[in-house]
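Working notes, structure below.
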Amino acid sequence: MRALWLLLIALAASADYVDPWGLPSGSDSLEVATLDSIQNGSTVEGFDFFTGTSRNAPYLDFIFGKEVDLLPVELAPGSVYLRAPEGEDFYDRALIARADAGFTDLESVASMEDVELGALAEAEEDGIYLLLQIREGESPESTAVKFQVKSLDENTLVFDWVFQPNGTMDFIPSSLRSGSFSEIKALY
Numbered sequence: 162m163r164a165l166w167l168l169l170i171a172l173a174a175s176a177d178y179v180d181p182w183g184l185p186s187g188s189d190s191l192e193v194a195t196l197d198s199i200q201n202g203s204t205v206e207g208f209d210f211f212t213g214t215s216r217n218a219p220y221l222d223f224i225f226g227k228e229v230d231l232l233p234v235e236l237a238p239g240s241v242y243l244r245a246p247e248g249e250d251f252y253d254r255a256l257i258a259r260a261d262a263g264f265t266d267l268e269s270v271a272s273m274e275d276v277e278l279g280a281l282a283e284a285e286e287d288g289i290y291l292l293l294q295i296r297e298g299e300s301p302e303s304t305a306v307k308f309q310v311k312s313l314d315e316n317t318l319v320f321d322w323v324f325q326p327n328g329t330m331d332f333i334p335s336s337l338r339s340g341s342f343s344e345i346k347a348l349y
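Counting in our numbering, the sequence shown runs from 162 upward without gaps.
This is the structure:
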């Protein structure tokens, strides 16, 4: 019985985050791009929320190539920041922000309207962040992302994420789940 309990705990710990409204979501981890790896052109990891995958490339390729939306970077020894890539004009874009401290989980963040975005946000364990994803030439061109840092050390960032693909800044249900009227009424 104890072995079964330990197996269930291990499976739960490795399970992907599932958005209760059915929006694309998951869990992932990224290696932090250290100052050394950035300076010597080594491969670093970034995350693309549109495809829900991490990618590897030299830091400058990500910054100027727009292939990823999120890069965890070490700006000074022991400090990890979350960075959104630059625009085609090579200037940092204001695309990321930490959510208000009152939010304790992803479900409590309903929108990113009226959020003041910046180019960087300091990464903190249990912090919830909002990101505006830009896909130039796509329809829609901008999409909303929210994610929560689940664990963080000098080498690795582990996070849960939710992506709103319909172009709104709200994390609302994309469709109703089947259920009885009383179940649906309780949700609204």
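Think of the CB as a built atom: it goes at the ideal place given N, C-alpha and C, for glycine as much as any other residue.
A straight-line Cα-Cα distance of about 10 Å links residue 290 and residue 262. Closest option to residue 274, judged by alpha-carbon separation, among 205, 201, 307: 307. The beta carbons of residue 305 and residue 332 sit closer together than 9 Å. The three-state secondary structure of residue 223, taken from DSSP, is helix.
Sorting 193, 257, 258 by C-alpha distance to the C-alpha of residue 207 places 193 at the top. Distances from the alpha-carbon of residue 212 to those of 266, 230, 182 put 230 closest.
With fewer than 16 neighbouring CB atoms inside 10 Å of its own CB, residue 200 falls in the exposed class. Going by beta carbons, residue 232 and residue 321 fall outside the 9 Å limit. Under the three-state reduction of DSSP, residue 318 is assigned to strand.
For residue 196, the enclosing alpha helix (DSSP H) has its first and last residue at 196-200.
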